[in-house]
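S.K.: Sharing a structure here in structure tokens format.
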Amino acid sequence: MTISTTSTPHDAVFKSFLRHPDTARDFIDIHLPAPLRKLCDLTTLKLEPNSFIDDDLRQYYSDLLWSVKTQEGVGYIYVVIEHQSKPEELMAFRMMRYSIAAMQNHLDAGYKELPLVIPMLFYHGCRSPYPYSLCWL
Numbered sequence: 000m001t002i003s004t005t006s007t008p009h010d011a012v013f014k015s016f017l018r019h020p021d022t023a024r025d026f027i028d029i030h031l032p033a034p035l036r037k038l039c040d041l042t043t044l045k046l047e048p049n050s051f052i053d054d055d056l057r058q059y060y061s062d063l064l065w066s067v068k069t070q071e072g073v074g075y076i077y078v079v080i081e082h083q084s085k086p087e088e089l090m091a092f093r094m095m096r097y098s099i100a101a102m103q104n105h106l107d108a109g110y111k112e113l114p115l116v117i118p119m120l121f122y123h124g125c126r127s128p129y130p131y132s133l134c135w136l
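When you line the sequence shown up against numbering that gives the first Met the number 0, it's residues 0 to 136, in that order.
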């Protein structure tokens with residue numbers, strides 16, 4: 000019998016737990032800032048494909064991508080959840096890339112308006128607070 004291992008066990012556990020709708024709902028409810036949480040109808044939480052292909056046909060993945068409908072009715076909000084155990088200087092760029100890819104997938108699915116995409120970084124590294132800016136500007 001072969002036992003498969005991963006070089007990123009914390010990441011695997013994180014993804015495994017947050018693939019469950021109830022766990023993801025609780026996580027989002029706890030960690031999303033109140034003004035953003037009020038926009039979300041968390042009863043409509045749906046796990047979305049998290050694979051994106053860029054213009055050069057390179058595939059890349061966000062950790063988890065959940066969609067929810069808005070409290071206002073028609074409209075979608077995507078929550079991109081990324082897990083990190085080590086600081087990454089260009090994390091803001093990576094999160095922006097995932098967010099734009101989620102918007103593009105939404106448009107490619109036939110929607111005519113852009114969704115709100117909320118990137119969330121779950122960081123548990125040794126350096127605290129997270130040493131790099133997550134500001135996109």
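Every residue, glycine too, gets a C-beta built ideally from N, C-alpha and C. Everything numeric in this text was worked out from a predicted model, so none of it was measured.
#1: Helix, strand or coil, according to DSSP, for S127 in the structure here?
#2: Within the continuous alpha helix (DSSP H) that includes P20, where are the two ends?
#3: Give the DSSP bridge partners of M119, in chain order.
#4: Please work out which residues of its chain come closer than 7 Å, Cβ to Cβ, to H30, disregarding the five sequence neighbours upstream and downstream, and give them in chain order.
#5: By DSSP's criteria, K138 is part of a beta bridge. Which residues make up the other side?
#6: Distance check for R126 and G109, CA to CA, integer angstroms please.
#7: At what residues does the alpha helix (DSSP H) containing S98 begin and finish?
#8: Determine the burial state of H19: buried for a count of at least 16 other Cβ atoms within 10 Å of its Cβ, exposed for fewer.
#9: Out of G72, E87, V12, V79, which has the shortest C-alpha to C-alpha gap to S98?
#10: Relative to the alpha-carbon of N104, which residue among D25, Y77, F26, A33 has its alpha-carbon at the smallest distance?
#11: Only counting the same chain, and skipping five residues up and downstream in sequence, which positions put a Cβ closer than 6 Å to that of K68?
#12: Flag this pair as yes or no: are the beta carbons of L46 and L35 separated by less than 9 Å?
#13: With burial defined as no fewer than 16 other Cβ atoms inside 10 Å of the residue's Cβ, what is the status of C134: buried or exposed?
#14: Just the C-alpha distance for A23 and S66, rounded to the nearest angstrom, thanks.
#15: Does the Cβ of H123 have 16 or more other Cβ atoms within 10 Å, making it buried, or fewer, making it exposed?
M.R.: Answer, in terms of the structure:
#1: Correct three-state label for S127: coil.
#2: P20 -> alpha helix (DSSP H) spans 20-30.
#3: Per DSSP, I80.
#4: If we look at H30 and ignore the five residues flanking it on each side, its Cβ neighbours are M119.
#5: Beyond the ends of the chain as shown, which are 0 and 136, falls residue 138; an answer cannot be given.
#6: Spanning the alpha carbons of G109 and R126 requires a straight line of approximately 42 Å.
#7: Taken as a continuous stretch (DSSP letters only), the alpha helix (DSSP H) holding S98 covers 90-107.
#8: Flag for H19 reads exposed.
#9: Among G72, E87, V12, V79, the Cα nearest to that of S98 belongs to V79.
#10: Distances from the alpha-carbon of N104 to those of D25, Y77, F26, A33 put Y77 closest.
#11: Take K68, set aside five residues on each side of it, and the residues of its chain with a beta-carbon closer than 6 Å to its own are D40, T43, in chain order.
#12: Not closer than 9 Å, so no.
#13: C134 sits exposed, since fewer than 16 C-beta atoms from the chains shown fall within 10 Å of its C-beta.
#14: CA-CA distance, A23 to S66, rounds to 11 Å.
#15: It is exposed - the Cβ of H123 has fewer than 16 other Cβ atoms within 10 Å.
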